[in-house]
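To start, the structure itself, in structure tokens.
There are 2 protein chains.
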Amino acid sequence: MKIGILGTGNVGRTFAEKLSGLGHEVTLGTRNVADKLAETTTDYMGNPPFSDWLKVNGSTRLGTFAEAAAFGEIIINATNGAGSLAALEAAGGKNLAGKVLIDLANPLDHSHGMPPTLISDLSNTTSLGEVIQETYPDVKVVKTLNTMWCGLMVNPAMIAGGNHVNFLSGNDNEAKQTVKNFLYQFGWKEDRLIDLGDITSARGPEAYLPLWLRVWGLKKTGAFNINLAE
Amino acid sequence: MKIGILGTGNVGRTFAEKLSGLGHEVTLGTRNVADKLAETTTDYMGNPPFSDWLKVNGSTRLGTFAEAAAFGEIIINATNGAGSLAALEAAGGKNLAGKVLIDLANPLDHSHGMPPTLISDLSNTTSLGEVIQETYPDVKVVKTLNTMWCGLMVNPAMIAGGNHVNFLSGNDNEAKQTVKNFLYQFGWKEDRLIDLGDITSARGPEAYLPLWLRVWGLKKTGAFNINLAE
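First to last, the sequence lines map onto chains A and B.
Heads up: take any position in the first sequence, counting from 1, add 555, and you land on the numbering used here.
Heads up: take any position in the second sequence, counting from 1, add 555, and you land on the numbering used here.
Written out as structure tokens, the structure reads:
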């Protein structure tokens, strides 16, 4: 399938590599293509310059947010949560209309120091996933995978034999099934996918981030997740 | 030991039963003793009238919040989070001073319907645990066990052989060790207790509640918890 990924950071690159390896066609979207290709320094997350990454991932195309959105039959929001609404606006409602949008982002606010808090306008009585759905009512938003490090998102078998959980929230059951089919390609087990309900249920997995961040601070690695004991 | 428990709901009763069974002396604190004993109806959580419970738990005393706090060498906050600060004020700073306060409460706001949200003044950039610690600087607040149903708090072996996790947050390491010693009496395993750090880390476990509430809505039972996969 043709996949448009919004965001060229660690999450976007991880999905581009995985999806290309699975035989999908990928266009990564960014704000300004020339600026992105001109970057020569490692970013604040430790990612090498994008052009270096592109050299070894030549099957991935780079375009504007709008070009990536127009290209994709399915769209993945891999931008940081604070920038997601602006990126989607740049992508353009008409390029997103009718498509499944897999929303991986977390609305983190770094302005209070470390660890970040949630962005107050995008949390508690709402969530980023909900706001995206409200802003683009003809897009099929599915919130998923935001509760873990991106390395695990596309390779759950990396830890505990893949026996840990991932949540899905969204209003459209067919769209959630489409997303599950991708998750199975990554190695997710059917019985570890928890459909929490409609998009308002994204409040739960997004609100989990402050706990994830604390555990991450202890573990010094993202290679952990939660499993349900029952 | 002498334990003062603030709150006579399901959580307070569960701890009173367990702690009495372990040989501790328990006083449960409530706002108004006469009113509590006069209740004749099942409460909104399905708890039978308190006097009925007291008939079969005769070793537990009932007192005011202040009497329970004065009685306890250790205090347990088992009130609902929206009422915790008022209950502690009624308990009185001088009755709490220098003691370990085990804070089980969650700052839930039911005013937006079900599932509840967090109380905005007690979440995200702060937490109930932190606000209690700031309000009573000479109390040793330890946030723990708030991420699960009370039945599991005192009986973790009920599910998954006790292989699931509980978090601790608090500024005083000796107080956290005191709390761990209680947790071991309940059957908690040392390697499933995660010390998240100082009391500001209570933001994480409190923010987890919206996710817990969604999973609880699916499971229709509180007999589940999370475990770490790594």
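Beta carbons are placed, not taken as given, at the ideal position from N, Cα and C, and that holds for glycine.
1) Does the stretch 636-645 of chain B come within contact of the stretch 707-714 of chain B, defined as at least 3 CB pairs closer than 8 Å?
2) Rounded to a whole number of angstroms, what is the C-alpha to C-alpha distance between valine 566/A and phenylalanine 722/B?
3) Could you give the distance in angstroms between the alpha-carbon of isoleucine 629/B and the alpha-carbon of alanine 623/A?
4) Between the Cα of aspartate 727/A and the Cα atoms of Gln688/A, Ile714/A, Ala589/A and Met600/A, which residue gives the shortest distance?
5) Might you give, ordered along the chain, the residues of its own chain that have their beta carbon closer than 8 Å to the beta carbon of lysine 573/A, omitting 5 neighbours on each side?
6) Taking the straight line between their C-alpha atoms, what separation do you get for leucine 783/B and valine 734/B?
7) Do isoleucine 560/B and isoleucine 631/B come within 7 Å of each other at the CB atom, strictly closer than that value?
8) Specify, as a first and last residue, the run of the alpha helix (DSSP H) that serine 639/B falls within.
9) Under 7 Å between the Cβ atoms of leucine 683/B and alanine 660/B?
10) Quick one: is alanine 715/B near chain A, going by C-beta distance under 7 Å?
11) Sort out for me which residues DSSP pairs arginine 786/B with in a bridge.
12) Counting along the chain, where does the beta strand (DSSP E) carrying isoleucine 687/A start and finish?
13) Got a sec, what are the start and stop residues for the beta strand (DSSP E) glycine 576/A sits in?
14) Distance check for leucine 748/A and tyrosine 828/B, CA to CA, integer angstroms please.
15) Using only the alpha-carbon positions, how far apart do leucine 577/A and phenylalanine 620/A sit?
16) Kindly say whether proline 765/A, judged by its beta-carbon, lies nearer than 7 Å to any beta-carbon of chain B.
17) Where do the N-terminal and C-terminal ends of the beta strand (DSSP E) with leucine 659/A fall, by residue?
18) Starting from the C-beta of aspartate 753/B, find all residues in its chain whose C-beta is less than 8 Å away, skip the five residues before and the five after it, and write them out in chain order.
19) List, in order along the chain, the chain B residues whose C-beta lies closer than 8 Å to that of phenylalanine 779/A?
20) Taking 7 Å as the threshold (C-beta atoms), are leucine 673/B and asparagine 679/A in contact?
21) Asparagine 602/A: which of His667/A, Arg758/A, Ser756/A and Thr563/A sits nearest, CA to CA?
22) So which of Gly772/B, Lys654/B and Asp693/B has the shortest CA-CA distance to methionine 669/B?
23) Might you give, ordered along the chain, the residues of its own chain that have their beta carbon closer than 8 Å to the beta carbon of aspartate 664/A, omitting 5 neighbours on each side?
24) Cβ of threonine 595/A within 7 Å of Cβ of proline 604/A?
25) Taking isoleucine 781/A and isoleucine 781/B to be in contact with their CB atoms under 8 Å, please state how far apart those CB atoms are, rounded to whole angstroms.
26) Can you tell me whether DSSP reads alanine 784/B as helix, strand or coil?
27) Express the C-alpha separation of valine 720/A and valine 720/B in angstroms, rounding to a whole number.
28) Does chain B have any CB closer than 7 Å to the CB of histidine 719/A?
29) Starting from serine 606/A, follow the beta strand (DSSP E) in both directions and report where the run begins and ends.
30) State the start and end residues of the unbroken beta strand (DSSP E) segment that holds aspartate 750/A.
31) Starting from asparagine 602/A, trace the beta strand (DSSP E) in both directions and tell me its first and last residue.
32) Counting along the chain, where does the beta strand (DSSP E) carrying phenylalanine 722/A start and finish?
33) Glycine 725/A touches chain B at which residues, Cβ-Cβ below 8 Å?
34) For histidine 699/B and chain A, any beta-carbon pair shorter than 7 Å?
35) Thinking just about the alpha-carbon of each residue, which of Lys744/B, Ala571/B and Arg586/B is nearest to the one in histidine 579/B?
For this structure:
1) no
2) 28 Å
3) 59 Å
4) Gln688/A
5) Val709, Asn710 and Phe741
6) 21 Å
7) yes
8) 639-646
9) yes
10) yes
11) There is no way to answer for residue 786/B, as the model of chain B reaches only from 556 to 785.
12) Isoleucine 687/A -> not in any beta strand (DSSP E); alpha helix (DSSP H) instead, spanning 683-690.
13) Element bounds for glycine 576/A: not the beta strand (DSSP E) but the alpha helix (DSSP H), 565-576.
14) Only positions 556 to 785 of chain B appear in this structure, which leaves residue 828/B out of reach.
15) 23 Å
16) yes
17) Element bounds for leucine 659/A: n/a, residue is neither H nor E.
18) Ser724, Gly725 and Asn726
19) Leu783, Ala784 and Glu785
20) yes
21) Thr563/A
22) Gly772/B
23) Ala637, Pro671, Thr672, Leu673, Ile674 and Ser675
24) yes
25) 4 Å
26) strand
27) 15 Å
28) yes
29) No beta strand (DSSP E) contains serine 606/A, which is instead part of the alpha helix (DSSP H) from 605-610.
30) 748-752
31) Where asparagine 602/A is concerned, there is no enclosing beta strand (DSSP E), given that its DSSP letter is neither H nor E.
32) 721-725
33) Result: empty, since nearest Cβ-Cβ is about 13 Å, beyond 8 Å.
34) The question names histidine, but residue 699/B is threonine in the sequence shown. Closer than 7 Å: no.
35) Ala571/B
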